[in-house]
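Asker: Take this structure first; my questions come after.
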Amino acid sequence: MNRLEIRATLVAREEVRYTPAGIEAFEGEFHFRGEVFEADRPRKLEYDFPAVSFGKCASELNRLPLGSEITVKGFLAPRSLKTRRLIVHITEYI
Numbered sequence: 028m029n030r031l032e033i034r035a036t037l038v039a040r041e042e043v044r045y046t047p048a049g050i051e052a053f054e055g056e057f058h059f060r061g062e063v064f065e066a067d068r069p070r071k072l073e074y075d076f077p078a079v080s081f082g083k084c085a086s087e088l089n090r091l092p093l094g095s096e097i098t099v100k101g102f103l104a105p106r107s108l109k110t111r112r113l114i115v116h117i118t119e120y121i
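Quick note on my numbering: the sequence shown kicks off at 28 and runs consecutively.
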């Protein structure tokens, strides 16, 4: 299973682009700051992560103001076939 749900702030976004098939794409960066529990102890985290989305979700994300805090849902996948570097693929958000 490969599912992700995280509450984060949109801090950067690339210009709107389209795939060769004409599907709208979103590419941006989010910032997370919060606390999680690991080994029964709280751990503070703060980091940025890249994300992409396509179609209707991308269209909505491309109109979202920078600084918006949202909950993104999606999955992790390599950025391309040539790299093992992961990127969040957003399939929906709240």
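Beta carbons: idealized from backbone N, C-alpha and C, even for Gly. Note that the structure is a prediction, hence the values are computed from the model and not measured.
(1) Using the beta-carbon count (16 or more within 10 Å), is VAL63 buried or exposed?
(2) Measure the beta-carbon distance from THR36 to PHE57 and round it to whole angstroms, keeping in mind my assumption that it falls under 8 Å.
(3) Per DSSP, what kind of secondary structure is LEU103 in: helix, strand or coil?
(4) In the DSSP assignment, find the alpha helix (DSSP H) that holds LYS87 and state where it starts and stops.
(5) Going by the CB atoms, is the gap between VAL43 and ALA78 shorter than 9 Å?
Answerer: Judging by the given coordinates:
(1) By 1-based counting over the sequence shown, the position of residue 63 is 36. Classification of VAL63: exposed, given that the 10 Å Cβ count is below 16.
(2) Here residue 36 refers to the residue found at position 9 when the sequence shown is read from its first residue. Here residue 57 refers to the residue found at position 30 when the sequence shown is read from its first residue. THR36 to PHE57, Cβ: 6 Å. Contact.
(3) In the sequence shown, residue 103 corresponds to position 76, counting from 1. Three-state result, LEU103: strand.
(4) Mapped onto the sequence shown, residue 87 falls at position 60. The residue you asked about is not Lys; residue 87 is Glu in the sequence shown. Looking at the DSSP string, the run of the alpha helix (DSSP H) that includes GLU87 is 83-90.
(5) Indexing the sequence shown from 1 puts residue 78 at position 51. Indexing the sequence shown from 1 puts residue 43 at position 16. No, they are not a contact pair.
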